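J.: Dropping a structure here in structure tokens format, bear with me for questions.
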Amino acid sequence: MAALKIDNIVKTFGKKRALDHVSLEITGTFGLLGPNGAGKTTLMRLIATLDTPDSGEIKLNSLSWTQPHQVRKLLGYLPQHFSIYKSLNVYEVMNHFAVLKGISEKDERKREIDRILEAVNLQDQKIKKIRALSGGMLRRLGIAQAILGDPKLVIVDEPTAGLDVQERVRFCKLLRRLAENRIIIISTHIVEDLEATCDHIAIINEGKVITSGTRRELTKHADGHIWEMDSPMDADPPIPEQVIISTVQQEDHYRIRFYHDMELPGAGQVEPNLEDAYLYYMKEADHV
Amino acid sequence: MKNRIINTLNILWLQLLRQPLFLVLLLGGMIYEGLGLHQIVNPGEFMPRSSFLVQGGILAFLFIGIWIVRIDTAHRLDDLYLSIHHAFVPRLFAKWIFGAFISFFVGIILHIEYAIVYLAEGFSFNHLFFSAFLYVMLYFSFTFYISYLLGFMLAFLTKDRVVYLYSIIIWGLIGPANFIFLGRTLQRAAEILNLGEPNPTIGYDGLYGFAIDSVYWQKHLLWLVILLGIFLISLSLKYRVFTRRKTKVLVISLSVIVLVLTIPLNLDRQVYSAGDARTKPREMVEQNYYSKKQVVPKQYNIRATSYSIDLRVKRLITAQVKMTLKNQEQQSLRHVDLSLYHGFKVSKARVNSQSASFLQKKDHLHLTLKNKWIPGRNLKVELNYQGLSSPLFYANGQSVYLPYYFNWLPSTQLSPSFTLDNGNLTRMNHQNMQKVSYVLHYRGRTPLYTNIPERTHNLWSGNARGLTLVSGEVQKESRNGESYVHTTNLKNPQSNDLHQQTEKFIETAKQDLDLGHRAVPKTIFRIPILSISDLSSEEFAWYTDDTLIVSDASEYLFKEGLDSYVNWLVPAITWKYDGIQVKDPDYVRAFDMTYAHLYNQSARIGIGNDSEVLDWYQSVKSTGEKQEVLEQLSHWMKGQVAKNIDTSVAKKIDFCRSWYRLMKSGDTSWDSLNQLLKKEMGRS
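Read top to bottom, the protein sequences are chains V and Y.
Quick note: the first sequence uses the UniProt record's numbering, first residue 1, plus one each step.
Quick note: the second sequence uses the UniProt record's numbering, first residue 1, plus one each step.
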């Protein structure tokens, strides 16, 4: 499968450098993880041809991003805050996007829309007005319009923002299903989303790529640094606040998960997950 | 591209139709129009008075323009459309087309309502409805479209809510009521910015028709091109949808188009301009000009025997006139004096096929002859001139009113075109006293109605005492060999009434006043011939052997207002026709009042409405003989005289006959009239 190559991208807004020599090679389902303001959305906008870099290059095979019109033929984009005309129904909206994406033949358009609505489980909502859709349905409609026209590169910005847990899980499964034969780039600050969907992940902070790799490669980096210990409910935690990853109440005590470079008394080492790894990377980046 | 635009149009239309506010606005506009149609009984009058509907529509379309951008920006869809190949720009263009479509749609709806109401009320379907359609397209649809685009551009350039404030400011600036917001000091700016009816405070002119001159279309078009330019440039800068080279070409091309469109707007032209909203209302222009001293040269006894006219009436009037003049003086002349309205600038003069030097000053044209002009001989004079007609006599692509009494042709009657009588503008009569041969080749608004027959296409010829050209929002009715030309906004043209009443009056007056040959002319024009500053009744009707021009001042003229009609006709068929010159206009006015009052009394017209007439004698400022005459006339007319004096109508009509004889003899002094009055009253 082709890879999207991002090579040494720099983007500055005024005095703020939003992206600082970012280089990535993206294949399959790719997650961009980072805190708010890290530069994820800027990078997504560059990939979506909505902006141009100050320097650097983006390429997919021989196709360069200096030819945005050509690139757009391959793109599907779901922006962070997707909403659409509330007085229209689902089919009218899909039909509009289908026409805009150049599916001019009416029957073909109908078939394609039906197929995609089926895929995103919106077939029953076809004639429902947009204003009557739930948040999850609206996101599914968003991804439906993004994959209309069978784009080779799909950009999904913060796909699960505002969704409840059930809808989030369902949406992530959907993304996973759609990933066949195309590159999907998902930008998020919610680690679980990527855990369920992405083969490769890059962590980005303050405009720089801290690391990138498979989920396993990333978690491996935190191996031996993630611990858990029990703490009584009526006492202060025995470890500093800033290294705590999570605190879970269990009967008469708390189970505290934290990262630390050395073993502490009463603490047991655990296998790191992606969230642990992410926080560990961020801690490291802060120290640097 | 085509599919994308059509589908976007469909999507926008669906959204608009599902907006309850749009339907409420449309329905509100139709109800408001319906109320207006119910109150304004004339289809011509309705349009200029519909400015409030236009003003309201402008605001609505400004908001629709904002809404059409906001439906995307509110959902932050711009980025999404930008990321789709060839989606963003076609969608924007679709929005431009959509604005044109809904503006046109609303215009059509309003025009259909207008047409249905007036046709149902009994108005005949004629050219006026087509003109009204153009009016609706220009001042409703086109103006709404520009408003829509202004709203669109505001929202396109500013995402802030402040666009609503800006749009309200713009609404105050571009509507037909903008002169109210901008006030007197910015009246010129108000005139330039106004995209609605240019004369919103004045009634409809039935001859000129609606103010749908090409200049107003050009003005709207200029707005459109400027907005398109701003849009394309901002599109290019904001979204980089064009290359730099394309942007440069775009800027240069649009600048050239704007320049090309601006040039004609600054050219001299005649447009119908009247009322408070105008900086130069037509009723004031001549008033100001003729309040200054005019050139009145010595009147020689020369007369024109033929005119050959090549006339082009468009933005300007362009004429080449070849005339034959006859010297009826007892002496040779070294120069020729003619009168010609000062708006027509002579560029070339030839006398007997040789170029001649000339001096044009105000309404006077002085030609110097190289050779003596011997008595009884003819002189061939050829003049080329071009310019603007008087604002009170139309000559442009929209309307033509060049009557025989106006010196639009070089005239041997040397009086200026107008004079001021006690501050009131009075048209001076430039008719010929004998029949003259005319050949006219005309290019301009058609159909053209004249008092001489058309021989071939665009060529008229015949003999008359003057040449009258009329074209505009009028139509012709032919009956019994008579041509009756009237405005198209009359429900009932009343041609029968006009004929009957005119004939009855002329037959009676002819005998009463011993007038000689008078008859109802073959060509009758019933058209608006005045500006609102004209009050004198002698201005309302003009008569020659072949032409009667009557103002269309009142729909009910031949019923309730018949006494007024008689007042108009008396001067037309008497002293104006006979070319009697007087120093004091009150002299002829006294004659008009007296005879009209007597005729109305004998014909039992307007009984009980005559107090104004009878009070007139005492309302005139007078001293000496004049005062004495007017007082005696007043008493006699009211019957307030000694018992031995005959106060019968017949006796008074006898006096009028003698009075008119006196006038025709050239004696128009109050002194002689006083003697005549005493003699006539004493004789009883």
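The C-beta atom is built at its ideal place from N, Cα and C for all residues, glycine as well.
It should be emphasised that the depicted structure is a prediction, and the values quoted were computed from it without experimental measurement.
1) Quick one: what does DSSP say Val-620/Y is sitting in, helix, strand or coil?
2) According to DSSP, simplified to helix, strand and coil, what is Ser-684/Y?
3) Would you call the CB atoms of Leu-598/Y and Val-629/Y closer than 8 angstroms?
4) Would you call the region 354 to 367 of chain Y in contact with the region 294 to 302 of chain Y, where contact means no fewer than 3 C-beta pairs closer than 8 angstroms?
5) Spatial neighbours of Pro-493/Y within its chain, please: C-beta separation below 8 angstroms, excluding the five flanking residues on both sides.
6) Look at residue 690/Y and Ala-155/Y and say whether their C-beta atoms are less than 8 angstroms apart.
7) Please list, in chain order, all residues of the same chain as Ser-51/Y whose beta carbon is under 8 angstroms from its beta carbon, the five residues on each side excluded.
8) As an exercise, report each continuous alpha helix (DSSP H) stretch of at least 4 residues that is fully enclosed by the region 171 to 248 of chain V, in chain order.
9) Can you list the residues of chain Y that Pro-79/V reaches, using a CB-CB cut of under 9 angstroms?
10) Does the region 312 to 332 of chain Y come close enough to the region 372 to 390 of chain Y that 3 or more CB-CB pairs lie under 8 angstroms?
11) Mapping DSSP to helix, strand and coil, what is Val-251/Y?
12) Got a sec, what are the start and stop residues for the beta strand (DSSP E) Ser-358/Y sits in?
13) Using the C-alpha atoms, what's the distance from Leu-569/Y back to Ser-684/Y?
14) Residues of the region 266 to 287 of chain V with a CB closer than 9 angstroms to any CB of chain Y: list them in chain order, please.
15) Less than 8 angstroms between the beta carbons of Ala-319/Y and Asn-432/Y, yes or no?
16) Which whole runs of the alpha helix (DSSP H) in the region 234 to 312 of chain Y are 4 residues long or more, in chain order?
17) Please state the DSSP three-state secondary structure of Leu-340/Y.
18) Going along the region 187 to 201 of chain V in order, which residues come within less than 7 angstroms of chain Y, judged by CB to CB distance?
19) Quick one: list the residues of chain V neighbouring Ala-87/Y, beta-carbon separation under 7 angstroms, in chain order.
20) Whole-angstrom Cβ separation of Gln-287/Y and Ser-551/Y, contact assumed at under 8 angstroms?
21) Mind listing the chain V neighbours of Leu-14/Y? Cutoff is C-beta to C-beta under 9 angstroms, in chain order.
22) Have a look at Phe-258/V and Gln-269/V and give me their C-alpha separation to the nearest angstrom.
23) What does Ile-71/Y reach in chain V if we use C-beta pairs closer than 7 angstroms?
24) Determine the direct distance from the alpha carbon of Gly-122/Y to that of Phe-105/Y, and round the result to whole angstroms.
25) Around the Cβ of Pro-151/V, are there at least 16 other Cβ atoms within 10 angstroms (buried) or fewer (exposed)?
26) CB of Tyr-272/Y to nearest heavy atom of the ligand COA: below 7 angstroms?
27) Answer yes or no: do Ser-83/Y and Thr-49/V have a C-beta to C-beta separation smaller than 8 angstroms?
28) Quick check on the DSSP output: what are the complete beta strand (DSSP E) runs of length 3 or more inside the region 344 to 414 of chain Y, in order along the chain?
29) Figure out for me which residue from Pro-453/Y, Leu-535/Y and Lys-652/Y has the closest Cα to the Cα of Gly-423/Y.
30) Do the region 68 to 82 of chain V and the region 131 to 145 of chain V make contact, defined as three or more Cβ pairs closer than 8 angstroms?
31) Assign Leu-163/V to one of three DSSP states: helix, strand, or coil.
32) Does DSSP classify Leu-513/Y as helix, strand or coil?
33) To which residues does DSSP link Asp-213/Y through a beta bridge?
34) On a CA-only basis, which of Leu-178/V, Lys-16/V, His-21/V and Glu-263/V is nearest Val-10/V? Give me that one, please.
35) CB Leu-222/Y to CB Thr-262/Y, shorter than 8 angstroms?
36) Beta carbon of Val-225/Y, beta carbon of Val-258/Y: below 8 angstroms?
T.: Here's the rundown:
1) It is coil, neither helix nor strand.
2) Residue placement at Ser-684/Y is flagged as unreliable, the pLDDT there being 49, under the threshold of 50; the coordinate-derived value follows with that caveat. DSSP places Ser-684/Y in coil when its eight states are reduced to three.
3) Leu-598/Y places its beta carbon 8 angstroms or farther from that of Val-629/Y.
4) Result yes; three or more Cβ-Cβ pairs closer than 8 angstroms.
5) Excluding sequence neighbours, Pro-493/Y sits near Glu-477, Tyr-484, His-486 and Arg-526.
6) Past the edges of chain Y, shown from 1 to 684, lies residue 690/Y, and the structure says nothing about it.
7) So the qualifying residues of the chain are Gly-175, Pro-176, Ala-177, Gly-196, Glu-197 and Pro-200.
8) As far as the region 171 to 248 of chain V is concerned, its whole alpha helix (DSSP H) runs of at least 4 residues are 191 to 197 and 215 to 220.
9) Going along chain Y in sequence order, the residues near Pro-79/V (Cβ under 9 angstroms) are Arg-76, Leu-77, Asp-79, Leu-80 and Ser-83.
10) Cβ pair count under 8 angstroms is three or more, so yes.
11) Of the three classes helix, strand and coil, the one that applies to Val-251/Y here is helix, per DSSP.
12) Per the sequence shown, residue 358/Y should be read as Phe rather than Ser. For Phe-358/Y, the enclosing beta strand (DSSP E) covers residues 358 to 361.
13) Low per-residue confidence applies at Ser-684/Y: pLDDT is 49, beneath 50, and the placement is therefore not dependable, though the value from the model is reported in the following sentence. Their backbone Cα atoms lie some 29 angstroms apart in a straight line.
14) The residues in question: there are none.
15) For Ala-319/Y and Asn-432/Y, no; Cβs fall outside 8 angstroms.
16) Counting whole runs of 4 or more residues, the region 234 to 312 of chain Y contains the alpha helix (DSSP H) stretches 244 to 265 and 282 to 290.
17) Looking at Leu-340/Y - three-state DSSP - the assignment turns out to be coil, as it is neither helix nor strand.
18) Residues passing the 7 angstroms Cβ filter: none.
19) Below the 7 angstroms Cβ cutoff, chain V contributes Leu-100 as neighbours of Ala-87/Y, in chain order.
20) Contact between Gln-287/Y and Ser-551/Y is absent: CB atoms are separated by about 19 angstroms, not below the 8 angstroms threshold.
21) Residues of chain V passing the Cβ test: Tyr-85, Ser-87, Leu-88 and Glu-92.
22) Going from the Cα of Phe-258/V to the Cα of Gln-269/V covers about 10 angstroms.
23) The answer, in chain order, is Tyr-85.
24) If you draw a straight line from the Cα of Phe-105/Y to the Cα of Gly-122/Y, it is about 26 angstroms long.
25) By the neighbour-count rule (16 or more Cβ atoms within 10 Å), Pro-151/V is buried.
26) Ligands displayed in this structure: none; no statement on the ligand COA is therefore possible.
27) The Cβ atoms of Ser-83/Y and Thr-49/V sit closer than 8 angstroms to each other.
28) You should have 344 to 351, 358 to 361, 364 to 373, 378 to 387 and 400 to 402.
29) Of Pro-453/Y, Leu-535/Y and Lys-652/Y, the residue nearest in Cα terms is Leu-535/Y.
30) Taking one beta carbon from each stretch, the region 68 to 82 of chain V and the region 131 to 145 of chain V have 3 or more pairs nearer than 8 angstroms; the two touch.
31) Looking at Leu-163/V - three-state DSSP - the assignment turns out to be coil, as it is neither helix nor strand.
32) Leu-513/Y: helix per DSSP, three-state reduction.
33) The partner list for Asp-213/Y (beta bridge, DSSP) is empty, contrary to what the question assumes.
34) For Val-10/V, the closest alpha carbon among the candidates Leu-178/V, Lys-16/V, His-21/V and Glu-263/V is that of His-21/V.
35) It is a contact, given that the beta carbons lie within the stated cut-off.
36) Annotated as proximal: Val-225/Y and Val-258/Y, with beta-carbon spacing under 8 angstroms.
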